[in-house]
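Participant: Using the numbering used here, the first residue of the sequence shown is number 38, and each one after it goes up by one. We treat Cβ as the ideally placed atom computed from N, Cα and C, and that holds for glycine.
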Amino acid sequence: MWPTPTSTVAEAGVCGKVYNPYGNNGGIELTATFRDPDPEDATLHANFRLRDLTDPSSPVIDLGWKDVANGSRSSASAGVLPHNHLFEALAQVSDGVNFSEVAVGCRFRVDSVAPTAPVVRSPDFPPVGSSTPPASYGGDFGAFFFSNPDEPDPADLRYRYALNDESYQDLSVDAKGMAHIRVKAGRNTLKVWAIDGVGHASRETTYQFDAPQPPAGKPTHDWSWSVCGSEYEVELCGSLYQRYRFFRGMYSSFPKVTSGMLTAPDGIGRYIELADGSAIYWSPTTGARDVKADLRRYWEANGGIAGPLGYPNGYSYYWPGAIQFQKGIVFWNPNDPSFKTRSLTGKIAETFRAQVPAPTLADAPTSELTTTPDGKAQYITFPKFTIYSTPEGGAVALSPGVLAVWQELGGLGGPLGYPTTRPGQPYASIAFQNGLVTETPVAGKYAAVMAPFLEQYMTYQGTLGRPLGNAELRPGYGQIQMFENVLVTSVVQYGQPLWVSFGILKKWQALGGEAVVGLPTSHTWGHAGNIPPRQEFQNGQIYEYWPQFAIWGPLHTRWLNSGFGDSKSDQRPTADGRGQYATFSADRIPAGSIYWSPQTGARVVFGGIGIAYEKAGGVTALGFPVDEESDLGDGKGRKQTFEKGIITWSPSAGVQIITGPISTAWSAGPQWYGAATTPELAAPDGIGRYQVFEKVRFYWTPKTGAQEIHGGILNKWWELGGERGFLGYPTTGEQAIGNGRVSHFERGSIYWSAASGPHELHGGIKARWLELGGPAGLGFPLTDEMVTGDKRGRYVVFERGSIFWTATTGAVEIYGGIGQAWASQGWNSGPLGYPTRGEYGIPGGRRADFERGYITWTAATGKTQIVVTG
Numbered sequence: 038m039w040p041t042p043t044s045t046v047a048e049a050g051v052c053g054k055v056y057n058p059y060g061n062n063g064g065i066e067l068t069a070t071f072r073d074p075d076p077e078d079a080t081l082h083a084n085f086r087l088r089d090l091t092d093p094s095s096p097v098i099d100l101g102w103k104d105v106a107n108g109s110r111s112s113a114s115a116g117v118l119p120h121n122h123l124f125e126a127l128a129q130v131s132d133g134v135n136f137s138e139v140a141v142g143c144r145f146r147v148d149s150v151a152p153t154a155p156v157v158r159s160p161d162f163p164p165v166g167s168s169t170p171p172a173s174y175g176g177d178f179g180a181f182f183f184s185n186p187d188e189p190d191p192a193d194l195r196y197r198y199a200l201n202d203e204s205y206q207d208l209s210v211d212a213k214g215m216a217h218i219r220v221k222a223g224r225n226t227l228k229v230w231a232i233d234g235v236g237h238a239s240r241e242t243t244y245q246f247d248a249p250q251p252p253a254g255k256p257t258h259d260w261s262w263s264v265c266g267s268e269y270e271v272e273l274c275g276s277l278y279q280r281y282r283f284f285r286g287m288y289s290s291f292p293k294v295t296s297g298m299l300t301a302p303d304g305i306g307r308y309i310e311l312a313d314g315s316a317i318y319w320s321p322t323t324g325a326r327d328v329k330a331d332l333r334r335y336w337e338a339n340g341g342i343a344g345p346l347g348y349p350n351g352y353s354y355y356w357p358g359a360i361q362f363q364k365g366i367v368f369w370n371p372n373d374p375s376f377k378t379r380s381l382t383g384k385i386a387e388t389f390r391a392q393v394p395a396p397t398l399a400d401a402p403t404s405e406l407t408t409t410p411d412g413k414a415q416y417i418t419f420p421k422f423t424i425y426s427t428p429e430g431g432a433v434a435l436s437p438g439v440l441a442v443w444q445e446l447g448g449l450g451g452p453l454g455y456p457t458t459r460p461g462q463p464y465a466s467i468a469f470q471n472g473l474v475t476e477t478p479v480a481g482k483y484a485a486v487m488a489p490f491l492e493q494y495m496t497y498q499g500t501l502g503r504p505l506g507n508a509e510l511r512p513g514y515g516q517i518q519m520f521e522n523v524l525v526t527s528v529v530q531y532g533q534p535l536w537v538s539f540g541i542l543k544k545w546q547a548l549g550g551e552a553v554v555g556l557p558t559s560h561t562w563g564h565a566g567n568i569p570p571r572q573e574f575q576n577g578q579i580y581e582y583w584p585q586f587a588i589w590g591p592l593h594t595r596w597l598n599s600g601f602g603d604s605k606s607d608q609r610p611t612a613d614g615r616g617q618y619a620t621f622s623a624d625r626i627p628a629g630s631i632y633w634s635p636q637t638g639a640r641v642v643f644g645g646i647g648i649a650y651e652k653a654g655g656v657t658a659l660g661f662p663v664d665e666e667s668d669l670g671d672g673k674g675r676k677q678t679f680e681k682g683i684i685t686w687s688p689s690a691g692v693q694i695i696t697g698p699i700s701t702a703w704s705a706g707p708q709w710y711g712a713a714t715t716p717e718l719a720a721p722d723g724i725g726r727y728q729v730f731e732k733v734r735f736y737w738t739p740k741t742g743a744q745e746i747h748g749g750i751l752n753k754w755w756e757l758g759g760e761r762g763f764l765g766y767p768t769t770g771e772q773a774i775g776n777g778r779v780s781h782f783e784r785g786s787i788y789w790s791a792a793s794g795p796h797e798l799h800g801g802i803k804a805r806w807l808e809l810g811g812p813a814g815l816g817f818p819l820t821d822e823m824v825t826g827d828k829r830g831r832y833v834v835f836e837r838g839s840i841f842w843t844a845t846t847g848a849v850e851i852y853g854g855i856g857q858a859w860a861s862q863g864w865n866s867g868p869l870g871y872p873t874r875g876e877y878g879i880p881g882g883r884r885a886d887f888e889r890g891y892i893t894w895t896a897a898t899g900k901t902q903i904v905v906t907g
């Protein structure tokens, strides 16, 4: 038997326009139901296509085949579609052997262009700057015409407007595009824009005009006011004259008029007083209506025209009963003293009129309008129903049976929320904020079906079975409801019902259900090709293998955008019991794992770093990953940090593991250090440890910690014997000093500048050099510390002088003219011997002292004098 697909959209005609149902990509979702009467065909193969009727030469858009459960609804999304093209939706299904006929769905037109800004004109109020004077006055209603000449489908437009920066509101225009708007005296600013049938909004049009102050006396802007008569007690005009003349002509007992035409308090309407206290009122929207005296007193006590009833809109003088007003109804019977006069206004009046189009006194309310204890709603009872009114849902009539079920479920505070109306709601049901109440075939009981389960239930009743209970609300998620054969959920962020099959449902329940895996967020999907079927949940995913297995919680969240393929098994605890992990197949990245702990979160480990991590002992050896693989900054190397170390990879050295203090020091340094090129090694002296990186080395001892050393300073240190030389291990990393660099060691320092190269300093000479300002004083060293010819002393040459040291003299600097004079005498081997005091000021010059004399320098002549005293 051939399967036959059934489209859930209209099967003939144009079903409307579409635009941006999924953001800004112009896409549209197609939905159809696929069934096969053969019960053995549990899974069907479904296909959607789109035919471009505007351009028949274009190929049919094939959205691909997918597997669906027999009797279920499936959907597919199209990509960007061309503007103003008419498309026809097609669907086909196969049971693997036979193919159905192609089912033709409805047609739709793509609209992706906003309407132009509307054109505004008014014969009553020309725009500012026009030579045509206004034809009406402030406080009156003016005629305004709105059009969009370039709009191909003007009947599809609606308008919104704001006058004088008041709140925006819908604008009701007639077939000619005209609307009446009440204006103020003086300058007016009208802002209006057009909105087409798919929600495009045009640019705003601003129309400014002036309305003059109205003259005293007769009302304006009503053609009939020019018709007047003076055959009665006073002159009357317009509609008031016509209505009064009608009553006086029909009823000789009709009271005399006792006033001229008076202006109503709102400044718009007019009225006349009658001898018995009755009146006739007129407004532009209601015309002229009589109000009998005692009804008038009730009406005025409730606010009159400024109150919730507005102007009278019915006839009451000779006809008591349900009297219509502009915004309500008054039930009034002066012939029955026991009758309680009550009124309906606003939305409650509108709902009542819809229920009882031609009311009589028999339909009068049986209670006052009552506010619920929580203040969220009002209700009023009638002989056949009760009307509940809320700001959100409006006024809705509830039959006694529906009212009872709703109240049992908690009424306004329950999961159904407030009653409302919904287009297309089923017969004999009442819609609520979050669903409806309908009579079920189960023992004649009522059940609440939450939106959007109603559509699912009515469409797939045979597949779902009957509801087993009311829908239940899950805050922040939506609602769930169990039917005889399927659990159906509504996910707020997806806006569509989701079905859960019983095989996956059993696995979900075995894992801990909602508390562990969460509620479903997708239909079962996959099936086609090599994609294993699965269903996604808030905190996980269940695969429909046999047996089913799952990933959930933070691992699942990280997997969603990790680039891995599918999980290979259930996730499981790590060896230390602190966390969980799962392995995954390759997809956009090589195969690997995701590890999670409460302290580190869920992290991806893959590729060469992942292999090295596992070989090193994984969590047991290096702890959990605390970040994910990232670039080293050179575009070549990679790194990943773990609780107890770091793994780097480079093309030249592959993967290397960094641990302990060296790991801490390396990670705190700049990226140019590069990747590790060796594992951590023991230093030759058996005390320290070191590790080589692309641009630096790190050395560590318990005393000095881990310090980096590189470049010219590193080479100089090796030249001096490295860690086994007299300087010992580095105690700092390389640092900036002046326009050079320095690294400090256990027993000295190495200084470097581009001009001087690297040289070591230590002991007294280093201390004296620093006292003199270091690089800012004598400049950088040009030599290492050297032994003098007589073996008594040591010295270092700097850029701007030298420092000599002996055990008896200490470290003393010598420079400038005095230094040159001393050098001319043979340095320390000359008659003066070693310097004992550095250069200091004397009257008219400078002086430096030596072991057997001194040298002075005169500022006026620039000459030096050598004095030998011993």
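#1: Does the beta-carbon of G711 have 16 or more other beta-carbons within 10 angstroms, so that it is buried, or is it exposed?
#2: Going by the beta-carbon positions, is the gap between W754 and L764 smaller than 8 Å?
#3: Identify which residue in F679, Y205, G725, T715 has its Cα closest to the Cα of S704.
#4: Taking only the alpha-carbon atoms, compute the straight-line gap between R761 and D722 and give it to the nearest angstrom.
#5: Excluding the 5 residues preceding and the 5 following G749 in the sequence, name in chain order all residues of the same chain whose CB lies nearer than 7 Å to its CB.
#6: From A172, L127, I98, pick the residue whose C-alpha is nearest to that of A916; which is it?
#7: Are the Cβ atoms of L346 and S315 separated by less than 8 Å?
#8: Can you give me the C-alpha to C-alpha distance between S780 and S599, rounded to a whole angstrom?
#9: Throw me the rounded Cβ distance for the G801 and W864 pair, which I believe falls under 8 Å.
#10: Under the assumption that T378 contacts K364 (Cβ atoms under 8 Å), give the Cβ distance between them as a whole number of angstroms.
#11: I need the straight-line Cα distance from E405 to F419, nearest angstrom please.
#12: What are the uninterrupted segments assigned as alpha helix (DSSP H) that are 4 or more residues long and contained completely in the stretch 296-346, given in chain order?
#13: Can the beta-carbon of L501 be found less than 8 Å from the beta-carbon of V474?
#14: What does N84 pair with, by DSSP beta-bridge criteria?
#15: Quick check on T738: buried or exposed, where buried means 16 or more other Cβ atoms within 10 Å of its Cβ?
#16: Does DSSP classify I695 as helix, strand or coil?
#17: Identify whether D193 lies in helix, strand or coil by the three-state DSSP scheme.
#18: Any Cβ of chain B within less than 8 Å of the Cβ of F730?
#19: With 16 other CB atoms within 10 Å as the buried threshold, where does K803 fall?
#20: Tell me where the beta strand (DSSP E) around F586 begins and ends.
#21: Assuming contact is defined by CB atoms lying nearer than 8 Å, are P17 and Y318 in contact in what I supplied?
#22: Can you say whether L273 is buried or exposed, counting buried as having 16 or more other CB atoms within 10 angstroms of its CB?
#23: Just tell me which of G142, Q636, R158, D104 has its CA closest to the CA of D132.
#24: If you compare alpha carbons, which of A216, R240, P249, A238 is closest to A222?
#25: On the CB-based measure, 16 or more other CB atoms within 10 Å of its CB, does E48 come out buried or exposed?
#26: Can you tell me the Cα-Cα spacing of P688 and G645, whole angstroms?
#27: Suppose the cutoff is 7 Å on Cβ atoms and the five residues either side in sequence are ignored; what does the same chain contact list for G254 look like?
#28: Given this structure, state the Cα-to-Cα distance separating P456 from W336, to the nearest angstrom.
#29: Out of Y632, R326, W230, P191, point me to the one whose CA is closest to K205's CA.
#30: So, are the CB atoms of V849 and T873 less than 8 Å apart?
#31: Evaluate P662 with the Cβ neighbour count: other Cβ atoms within 10 Å of its Cβ, from every protein chain shown; 16 or more gives buried, anything less gives exposed.
#32: Sorted by chain position, which residues of the same chain lie with C-beta nearer than 6 Å to F368's C-beta, five sequence neighbours on each side aside?
#33: Beta-carbon within less than 7 Å of I541's beta-carbon, same chain only, minus the 5 sequence neighbours each way: which residues are those?
#34: Kindly indicate the opening and closing residues of the alpha helix (DSSP H) around R390.
#35: Provide the residue(s) that pair with Q708 in DSSP beta bridges, ordered along the chain.
#36: Give the straight-line distance between the Cα atoms of G513 and G450, rounded to the nearest whole angstrom.
Facilitator: According to the data block:
#1: buried
#2: yes
#3: F679
#4: 7 Å
#5: W789, G794, P795
#6: This structure cannot settle anything about residue 916, because the visible part of the chain is limited to 38 through 907.
#7: no
#8: 43 Å
#9: 18 Å between Cβ atoms; not a contact.
#10: Not a contact, Cβ separation roughly 17 Å.
#11: 10 Å
#12: 330-338
#13: no
#14: W102, Q129
#15: buried
#16: strand
#17: helix
#18: Of the protein chains in this structure there is only one, and it is not chain B.
#19: buried
#20: 586-589
#21: A question about residue 17 goes unanswered here, because the residues of the chain that appear run from 38 up to 907.
#22: buried
#23: D104
#24: P249
#25: Any reading at E48 needs caution, since the residue's pLDDT is 39, under 50, leaving its predicted position unreliable; the model's value is listed next. The residue in question, E48, is exposed, as its Cβ has fewer than 16 Cβ neighbours within 10 Å.
#26: 11 Å
#27: Bear in mind that the predicted position of G254 carries a pLDDT of just 46, short of 50, making it too unreliable to give a figure here.
#28: 30 Å
#29: It is worth fixing the name first, because residue 205 is Tyr in this sequence and not Lys. Considering only alpha carbons, the answer is W230.
#30: yes
#31: buried
#32: A359, R379, A401
#33: T561, Q572, I579, E581, Q585
#34: 383-392
#35: DSSP lists no partner for Q708.
#36: 17 Å
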